[in-house]
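Working notes, structure below.
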Amino acid sequence: MQYLCPLCAGELTKVTKTWSCLQGHQFDCAKEGYVNLLPVQKKNSKDPGDNKEMMQARREFLNQGYYQSLSDAVNTLAVRYAPKAKQILDLGCGEGYYSNRLFTVLTQAQKQLNVHESADCQLQGLDISKTAIRYAAKRYPQMSFCVASAYEMPFPANSVDLGLRIYAPSKAEELARVIADNGILITVSPGPMHHFAIKEMIYKHPKPHPDSFDCIEGFECIDTQRLQSQMSLDNGTDIGHFLNMTPYAWKLTQEQKAQLAVDGLNCELDFHIGVYRRMIMGELVAPN
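Numbering (the numbering used here), first residue to last: 5 to 292.
So, in structure tokens, the structure goes:
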């Protein structure tokens with residue numbers, strides 16, 4: 005996928021291990037292969053995004069397969085609605101778990117469809133966390149990764165065939181800019197009962213998440229799913245990883261954490277999955 009300079013929006017060209025634009029702005033590739041396109045002047049903090057401890061916990065937790073059902077559901081929808089996608093963007097990709105599984109499934113599906121251009125299928129992972137991108141690039145060299153803001157993405161307009169956004173904050177204008185006409189966007193957000201048992205431990209009067217799907221300007225919602233299951237953790241290490249990859253690690257008391265390690269954890273998994281199609285400018289959505 006082509007990069008744009010985050011300082012002047014000019015096209016970046018790679019020579020050896022350096023990306024540069026005609027204005028002379030340069031961005032070196034890290035030894036892991038990723039490029040940092042988040043200039044210091046555009047950071048809101050010294051080290052934005054999830055830190056090393058959260059990333060390690062997330063990687064170890066996801067590797068155990070506890071959220072594989074979510075990944076499988078997303079991948080099934082991707083194959084259904086964007087089977088020939090060449091340029092794929094995982095927005096807020098973290099350490100690359102969902103990116104890798106999506107890329108593998110789509111590549112295999114395109115080979116089965118005899119899509120001769122399948123070799124051109126590329127996945128670009130973007131995250132504001134440098135730690136996350138370092139992990140992803142080192143583990144999955146078959147894909148590309150960059151440190152950048154989802155609110156000002158370093159990609160040309162209409163360059164993405166399939167976008168994936170799992171929990172990642174973003175703005176509709178940027179999504180509409182980078183995703184091509186008739187391109188597909190798959191989003192994941194928490195359903196009403198997601199992790200409700202944990203919320204009951206933290207809040208006196210816990211409230212469910214909204215039972216609704218986002219309306220994204222410039223996109224037509226063409227499919228929705230609610231994926232529900234029960235997660236049971238009886239391993240203290242897995243429970244620790246689960247808590248440390250979320251804000252729950254800060255909100256639960258040490259006594260509550262210790263009790264969970266002894267008793268185990270049972271809580272709800274509840275995901276809203278939405279599939280959106282980028283509308284062509286001027287196109288009207290037919291009424292339901």
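Think of the CB as a built atom: it goes at the ideal place given N, C-alpha and C, for glycine as much as any other residue.
So, helix, strand or coil for residue i, using DSSP?
i    : result
D124 : helix
Y101 : helix
N55  : coil
L264 : helix
D218 : coil
A184 : strand
S73  : helix
F159 : coil
N118 : coil
E259 : helix
N67  : helix
N79  : helix
T250 : coil
Y207 : coil
K142 : helix
A89  : coil
K134 : helix
Out of the options, which has the shortest C-alpha to C-alpha gap to residue i?
i    : options                : result
V78  : K21, M235, Q91, Y101   : Y101
D185 : R282, G98, A86         : R282
V279 : G167, S174, Q234       : G167
A294 : M235, C225, M5, M59    : Examination of residue 294 is not possible in this model, given that the chain is present from 5 through 292 alone.
A89  : C9, K134, M5           : M5
E99  : V19, P87, P145, Y85    : P145
L256 : D218, I206, Q116, H276 : I206
P210 : A201, C97, L66         : A201
A161 : N104, E178, H213       : E178
L66  : P173, A265, V44, M235  : M235
E64  : I284, V266, R105, D242 : D242
A262 : H276, D274, G240, F246 : G240
P43  : V266, L231, K175, K134 : K134
E221 : K175, G195, Q258       : K175
C219 : H198, I277, T108       : I277
D215 : C225, P194, C125, Q27  : P194
C225 : Q232, L231, F217       : F217
D165 : H199, C125, Y155, K203 : C125
R62  : K18, W23, C97, P10     : C97
Q91  : Q112, L117, Q258, L127 : L127
P10  : H245, F31, V19         : F31
F275 : Q116, T20, H199        : H199
Y171 : T17, Q229, L95, L117   : L95
Q27  : K21, L16, H245         : L16
L231 : T80, K18, L117, H29    : T80
Using 9 Å as the threshold, is the C-beta distance between residue i and residue j below it?
i    : j    : result
V182 : L110 : no
R169 : Y38  : no
Y71  : L237 : no
N55  : V151 : no
C33  : C12  : no
M157 : G129 : no
R105 : S73  : no
Y7   : F149 : no
S163 : I132 : no
M197 : P173 : no
K2   : E36  : The requested residue 2 does not occur in the structure, where the chain is confined to residues 5 to 292.
Are any of the Cβ atoms in chain D nearer than 9 Å to that of residue i?
i    : result
Y101 : The structure shown has no chain D; it contains just one protein chain.
With DSSP as the reference, identify every bridge partner of residue i, one or two as the case may be.
i    : result
Q234 : E272
P194 : F275
T228 : G278
E15  : L8
D94  : G129, L168
W23  : K18, F31
N40  : V151
L189 : G167, Y280
F107 : Looking at the DSSP assignment, F107 forms no beta bridge with any residue, so it has no partner.
F223 : R282
Per the contact definition of three or more C-beta pairs closer than 8 Å, is the region 189 to 196 in contact with the region 246 to 256?
Touching, no.
Do the region 255 to 274 and the region 78 to 87 touch if we need at least three Cβ pairs shorter than 8 Å?
Because the criterion of three Cβ pairs below 8 Å is not met, the region 255 to 274 and the region 78 to 87 do not touch.
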